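*Asks:* Residue numbers (our numbering), protein chains in the order written: chain A, 40 to 378; chain B, 40 to 378. C-beta: ideal position from N, C-alpha, C; glycine also. Quick caveat: nothing in here was measured; it's all calculated off a predicted structure. This is the structure I have questions about; it appears just below.
Number of protein chains: 2
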Amino acid sequence: MNLKTLPKSFPLSLLIIAATSGICQAQTDPLPSWNDGETKAAIIEFVEAVSTEDSPDFVPIPERVATFDNDGTLWSEQPAYFQLFYAMDQIRDMADQHPEWQNTEPFKSVLNNDMTGVMASGEEGLIKIVMASHSNISAEDFQDSVRGWLESATHPTTGLPYEQMVYQPMLELLSYLRANDFKTFIVSGGGIDFMRVFTEQVYGIPPEQVIGSTGDAKFEMIDGVPVILKEGEIAFVDDKAGKPVGIYRHIGRRPIFAAGNSDGDLQMLQYTTIPRDAEDTTPRMGIIVRHTDADREWAYDRDSKIGHLDQALDMADGQGWIVIDMAGDWSQIYPSDSE
Amino acid sequence: MNLKTLPKSFPLSLLIIAATSGICQAQTDPLPSWNDGETKAAIIEFVEAVSTEDSPDFVPIPERVATFDNDGTLWSEQPAYFQLFYAMDQIRDMADQHPEWQNTEPFKSVLNNDMTGVMASGEEGLIKIVMASHSNISAEDFQDSVRGWLESATHPTTGLPYEQMVYQPMLELLSYLRANDFKTFIVSGGGIDFMRVFTEQVYGIPPEQVIGSTGDAKFEMIDGVPVILKEGEIAFVDDKAGKPVGIYRHIGRRPIFAAGNSDGDLQMLQYTTIPRDAEDTTPRMGIIVRHTDADREWAYDRDSKIGHLDQALDMADGQGWIVIDMAGDWSQIYPSDSE
């Protein structure tokens with residue numbers, strides 16, 4: 040509104056209304072940290088189509104299920120998964136009771152702050168670290184431990200608390216979907232108990248909507264008190280072909296929206312978006328967050344061990360999956376960034 | 040309101056208002072199929088206490104988690120679990136492809152309609168029947184099969200469709216809890232995939248809030264179509280000490296309300312109601328449905344193999360669990376019963 044073009048007699052009350060609606064309109068952009076363009080337009084078009092009652096693409100509310108990977112999709116995952124940093128800190132705290140770790144990999148590398156050595160221990164080594172830090176502990180004690188760590192630990196390169204390294208545009212997307220009666224779930228290779236400590240507060244996703252890799256647990260009455268004990272063996276790996284299985288077990292119906300960032304999300308994207316037969320005309324959307332922003336976050340895909348994105352990227356075009364260009368599509372990365 | 044005591048000049052409009060409010064009051068009894076008495080009063084008192092904002096026992100909405108056993112708690116389970124009747128019907132349909140079943144127990148007894156022989160095969164036999172009927176089938180085909188069966192099969196003694204053998208008072212309790220912002224879950228030893236076919240329509244409980252015994256499953260792309268295949272091995276038994284573990288895995292927080300009917304629910308009741316320590320003052324309620332009504336349903340407890348209720352009954356008083364006397368507390372059993 041250009042004030043100079045208004046007649047001098049223009050009533051102040053109308054001016055206020057006009058100004059206020061201007062503000063309102065600006066505030067009702069559901070995805071303010073997304074730059075205008077094809078990606079943002081496609082997301083909004085999809086959400087409006089499935090949630091508008093007289094739309095041919097209308098989807099009943101109970102079927103509006105959206106699943107999100109966590110590491111690299113909702114928060115950062117470099118230079119290593121944040122849960123690994125937690126596990127390594129635990130190993131250091133527990134080292135006194137395990138003198139044998141001084142000479143046993145991967146623990147030796149952890150205690151020597153040798154990240155190259157830790158990563159060289161491979162997937163098996165990483166699982167050993169995580170399991171050693173997460174086992175023979177009650178569920179409540181484990182949660183308290185993670186909560187305490189999140190409150191004090193900071194990321195090795197950004198110096199930020201880990202909970203602040205979530206993506207502002209994805210927080211907006213979660214809220215936007217929920218405002219349109221989607222139920223939002225996390226489906227991550229990360230540990231289910233680790234994530235549940237912060238997902239409600241940080242993402243607005245309650246523990247019962249978090250699916251992740253799961254350790255064995257047992258129930259016992261100890262001194263008259265009911266206790267869940269984490270035993271330290273992996274019961275379920277929620278990655279790759281495990282993701283659709285985890286969705287099936289926990290949710291019991293196919294999502295119509297899924298977001299991931301790596302080949303670990305490939306099967307979830309297939310399960311979510313590929314129609315079962317010609318009669319299956321439900322609209323479906325798959326999204327891949329591509330890390331293209333070395334300045335504000337990290338840039339990696341085909342050559343990275345963490346967040347390896349190769350096959351899913353090749354398939355994206357053919358499957359109609361939207362590839363988010365972090366550098367171009369997002370005006371802001373973390374909530375603390377200035378725009 | 041006694042019409043005879045009204046002055047003749049009493050305005051008709053006020054009379055209508057008075058009569059209408061009378062009707063409204065009657066309609067707002069949240070548990071009309073529960074006879075007035077201690078049980079009903081205790082339930083209403085608990086729900087009001089945890090959901091009234093200025094009550095000392097107020098519980099924030101996200102923590103209002105209520106878990107319900109299914110067989111014998113939400114619907115009948117005699118003379119055998121209804122899922123077993125489904126499985127036996129499937130075995131009969133599949134018998135042509137399995138000539139060896141004619142001479143192999145427990146299949147032989149199933150094919151001869153010998154219920155005594157079926158039950159004599161014990162838990163191992165029952166699991167064999169269920170697994171044989173539920174395996175090497177896609178999740179969707181299995182659901183279609185259960186749906187078709189529920190639409191046509193009837194109970195051997197009542198002649199009712201199985202979905203009509205749900206307890207009207209428990210349907211009212213589920214609705215009442217949800218009206219007070221509880222999230223209601225099923226936690227049953229029954230098969231998770233079997234239950235999910237009907238829980239949303241019959242109980243208003245969506246599939247993601249159903250926890251049950253779980254078979255192995257895998258994800259595959261078959262001819263370009265994403266498929267979940269049920270493999271036929273049991274991955275998790277959601278009974279006894281398995282119930283708190285199932286709750287922990289699926290929900291990730293302790294319920295404040297649990298309802299069961301057998302010793303299979305004992306650990307869920309302990310996990311739900313016993314405080315963790317002196318600081319844990321959250322109000323908690325445990326309920327046991329006791330089958331005391333041989334006329335309208337069945338009467339069984341300590342001597343029954345199905346719905347065996349012995350240890351939990353002995354502990355109920357000491358733990359403050361409410362034991363529902365089906366004959367005395369419920370004015371109606373099934374929705375189709377006349378009151």
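1) What residues of chain B sit near tyrosine 242 of chain A, judged by a beta carbon separation below 8 Å?
2) Jot down the residue ranges of each uninterrupted alpha helix (DSSP H) in the stretch 195-225 of chain A, minimum 4 residues, whole runs only, in chain order.
3) How would you list, in chain order, the residues of chain A whose beta-carbon sits under 8 Å from the beta-carbon of isoleucine 290 of chain B?
4) In terms of alpha-carbon separation, which member of B:Leu210, B:Tyr125, B:Ile166, B:Glu144 lies closest to arginine 186 of chain B?
5) Using a Cβ-Cβ cutoff of less than 6 Å, which residues in the same chain neighbour phenylalanine 221 of chain A once the five nearest sequence positions on both sides are dropped?
6) For the beta strand (DSSP E) holding glutamate 270 of chain A, just list the boundary residues, first then last.
7) Report the three-state DSSP secondary structure of histidine 173 of chain B (helix, strand or coil).
8) Quick one: measure Cβ to Cβ for threonine 312 of chain B and arginine 323 of chain B, integer angstroms, because I've assumed they're closer than 8 Å.
9) With a floor of 4 residues, list each alpha helix (DSSP H) that falls wholly inside the stretch 283-358 of chain B, ordered by position along the chain.
10) According to a CB-to-CB cut-off of less than 7 Å, which residues of the stretch 293-324 of chain A neighbour chain B?
11) According to DSSP, what are the bridge partners of glycine 229 of chain A?
12) Taking only beta-carbon atoms, is proline 185 of chain B less than 9 Å away from chain A?
13) Counting only beta-carbon separations shorter than 9 Å, does alanine 338 of chain A have a partner in chain B?
14) Confirm, please, whether the CB-CB distance from alanine 256 of chain B to tyrosine 310 of chain A is below 9 Å.
15) Run through DSSP, which three-state label would threonine 67 of chain B get?
16) Taking 9 Å as the CB-CB limit, is lysine 282 of chain B close to chain A?
17) Just the Cα atoms here: how many angstroms apart are glycine 61 of chain B and threonine 67 of chain B?
18) When the Cα of glycine 228 of chain B is compared with those of B:Glu139, B:Phe296, B:Gly285, B:His137, which residue comes out closest?
19) If you follow the alpha helix (DSSP H) that lysine 79 of chain B is part of, which residue opens it and which one closes it?
20) Enumerate in chain order the residues of its own chain whose CB-to-CB distance from glutamine 64 of chain A is below 6 Å, with the five nearest sequence positions on each side excluded.
21) Closest by CA to threonine 224 of chain B, which one among B:Gly303, B:Arg292, B:Gly367?
22) For my contact list, tryptophan 73 of chain A and tryptophan 337 of chain A are in at a C-beta cut-off of 8 Å; report their separation, rounded to the angstrom.
23) Hey, quick one: how far does the alpha helix (DSSP H) through glycine 367 of chain B stretch, first residue to last?
24) Could you tell me the distance, in whole angstroms, from the CA atom of threonine 193 of chain B to the CA atom of methionine 133 of chain B?
25) Since valine 89 of chain A meets chain B, which of its residues come closer than 9 Å, beta carbon to beta carbon?
26) Give me the chain A residues within the contact set of tyrosine 287 of chain B, using Cβ-Cβ distance strictly less than 7 Å, ordered along the chain.
27) Which residues does DSSP list as the beta-bridge partners of tryptophan 114 of chain A?
28) If valine 205 of chain A sits next to leucine 113 of chain A, beta carbons under 8 Å apart, how far is it from one beta carbon to the other, in whole angstroms?
29) In terms of alpha-carbon separation, which member of A:Phe237, A:Ser252, A:Val98 lies closest to glutamate 190 of chain A?
30) So, do the stretch 173-182 of chain B and the stretch 269-283 of chain B have three or more beta carbon pairs nearer to each other than 8 Å?
31) Contact between the stretch 289-303 of chain A and the stretch 334-353 of chain A is defined here as three or more beta-carbon pairs at a separation below 8 Å; is this criterion met?
32) In whole angstroms, what is the alpha-carbon distance linking serine 160 of chain A and phenylalanine 146 of chain A?
33) Ordered along the chain, which non-local residues of its own chain (more than five positions away) have a Cβ less than 7 Å from that of threonine 78 of chain B?
34) So, using beta-carbon positions, are arginine 235 of chain B and valine 226 of chain B closer together than 9 Å?
35) Please return the same chain residues whose Cβ sits closer than 7 Å to the Cβ of tyrosine 201 of chain A, not counting the five positions on each side in sequence.
36) Between A:Gly156, A:Ser148, A:Met209, A:Ile295, which lies nearest to isoleucine 372 of chain A when the distance is taken from Cα to Cα?
*Replies:* In short, the structure shows the following:
1) Mapped onto the first sequence, residue 242 of chain A falls at position 203. Simply none; closest approach about 14 Å.
2) 207-218
3) Taking the second sequence and counting its residues from 1, one reaches residue 290 of chain B at position 251. Simply Pro246, Glu247.
4) On the second sequence, position 147 is the one that residue 186 of chain B refers to. Residue B:Tyr125 is the option with its Cα nearest to arginine 186 of chain B.
5) Sequence index remark: in the first sequence, residue 221 of chain A carries index 182 (1-based). Arg103, Ala105, listed in sequence order.
6) The residue labelled residue 270 of chain A in the question sits at position 231 within the first sequence. Looking at the DSSP string, the run of the beta strand (DSSP E) that includes glutamate 270 of chain A is 264-275.
7) Taking the first residue of the second sequence as position 1, residue 173 of chain B is located at position 134. Taken through DSSP and simplified to helix, strand or coil, histidine 173 of chain B comes out as helix.
8) On the second sequence, residue 312 of chain B is found 273 positions in, with the first residue counted as 1. On the second sequence, residue 323 of chain B is found 284 positions in, with the first residue counted as 1. Between arginine 323 of chain B and threonine 312 of chain B the Cβ distance is about 4 Å, and since that is below 8 Å, they are a contact.
9) 305-312, 350-358
10) Cβ contacts with chain B come from Gln306, Gln309, Tyr310, Ile313, Arg315.
11) Walking along the first sequence from the start, residue 229 of chain A turns up at place 190. Glycine 229 of chain A is not bridged to any residue.
12) Translated into positions along the second sequence, residue 185 of chain B becomes position 146. Checking the sequence shown, residue 185 of chain B turns out to be valine, not proline. So, not an interface residue.
13) Translated into the one-based positions of the first sequence, residue 338 of chain A becomes position 299. Cβ-Cβ to chain B under 9 Å: no for alanine 338 of chain A.
14) Start at 1 with the first residue of the first sequence, and residue 310 of chain A comes out as number 271. Start at 1 with the first residue of the second sequence, and residue 256 of chain B comes out as number 217. It is not a contact, given that the beta carbons lie outside the stated cut-off.
15) For this step, residue 67 of chain B is matched to residue 28 along the second sequence. Coil.
16) Here residue 282 of chain B refers to the residue found at position 243 when the second sequence is read from its first residue. Output row for lysine 282 of chain B: interface = yes.
17) For this step, residue 61 of chain B is matched to residue 22 along the second sequence. For this step, residue 67 of chain B is matched to residue 28 along the second sequence. Here glycine 61 of chain B scores only 41 on pLDDT, less than 50, and its place in the model should not be relied on; the value that follows carries that caveat. The alpha-carbon atoms of glycine 61 of chain B and threonine 67 of chain B are separated by roughly 10 Å.
18) Here residue 228 of chain B refers to the residue found at position 189 when the second sequence is read from its first residue. For the residues B:Glu139, B:Phe296, B:Gly285, B:His137, the minimum Cα distance to glycine 228 of chain B belongs to B:Gly285.
19) What you label residue 79 of chain B is simply residue 40 of the second sequence in a count that begins at 1. Where lysine 79 of chain B is concerned, the enclosing alpha helix (DSSP H) stretches over 77-90.
20) Along the first sequence, one-based indexing puts residue 64 of chain A at 25. Annotation note: pLDDT 44 at glutamine 64 of chain A (below 50); position unreliable, coordinate value reported separately. No residues qualify anywhere along the chain.
21) Here residue 224 of chain B refers to the residue found at position 185 when the second sequence is read from its first residue. The displayed chain sequence assigns phenylalanine, not threonine, to residue 224 of chain B. With distances taken between Cα atoms, phenylalanine 224 of chain B lies closest to B:Arg292.
22) Reading the first sequence from its first residue, position 34 is the one you call residue 73 of chain A. Reading the first sequence from its first residue, position 298 is the one you call residue 337 of chain A. Not confirmed; about 19 Å, so no contact.
23) Translated into positions along the second sequence, residue 367 of chain B becomes position 328. Here the alpha helix (DSSP H) through glycine 367 of chain B covers 365-368.
24) Taking the second sequence and counting its residues from 1, the one referred to as residue 193 of chain B is at position 154. Taking the second sequence and counting its residues from 1, the one referred to as residue 133 of chain B is at position 94. Going by the C-alpha atoms only, they are around 20 Å apart.
25) Counting from 1 along the first sequence, the entry for residue 89 of chain A is found at position 50. Taking a Cβ-Cβ threshold of 9 Å, none of the residues of chain B is close to valine 89 of chain A; the smallest such distance is about 17 Å.
26) On the second sequence, position 248 is the one that residue 287 of chain B refers to. Going along chain A in sequence order, the residues near tyrosine 287 of chain B (Cβ under 7 Å) are Ala178, Ala256, Ile267.
27) By 1-based counting over the first sequence, the position of residue 114 of chain A is 75. Tryptophan 114 of chain A is bridged to A:Asp110, A:Val205.
28) Here residue 205 of chain A refers to the residue found at position 166 when the first sequence is read from its first residue. Here residue 113 of chain A refers to the residue found at position 74 when the first sequence is read from its first residue. Sure, about 6 Å apart at Cβ, within 8 Å.
29) For this step, residue 190 of chain A is matched to residue 151 along the first sequence. Of A:Phe237, A:Ser252, A:Val98, the smallest CA-CA separation from glutamate 190 of chain A is found for A:Phe237.
30) yes
31) yes
32) Position 121 of the first sequence holds residue 160 of chain A. Position 107 of the first sequence holds residue 146 of chain A. Roughly 10 Å separates the two Cα atoms.
33) Position 39 of the second sequence, counted from the first residue, corresponds to residue 78 of chain B. So the list reads Ile361, Ile363, Asp368, once near-sequence residues are dropped.
34) Start at 1 with the first residue of the second sequence, and residue 235 of chain B comes out as number 196. Start at 1 with the first residue of the second sequence, and residue 226 of chain B comes out as number 187. No, Cβ-Cβ distance for arginine 235 of chain B and valine 226 of chain B is not below 9 Å.
35) Position 162 of the first sequence, counting from 1, holds the residue named residue 201 of chain A. Closer than 7 Å at the Cβ level, and outside the excluded window around tyrosine 201 of chain A, lie Phe121, Leu189, Ala192, His194.
36) Counting from one through the first sequence, the residue named residue 372 of chain A turns up at place 333. Looking at the Cα atoms, A:Met209 is the closest of the given residues.
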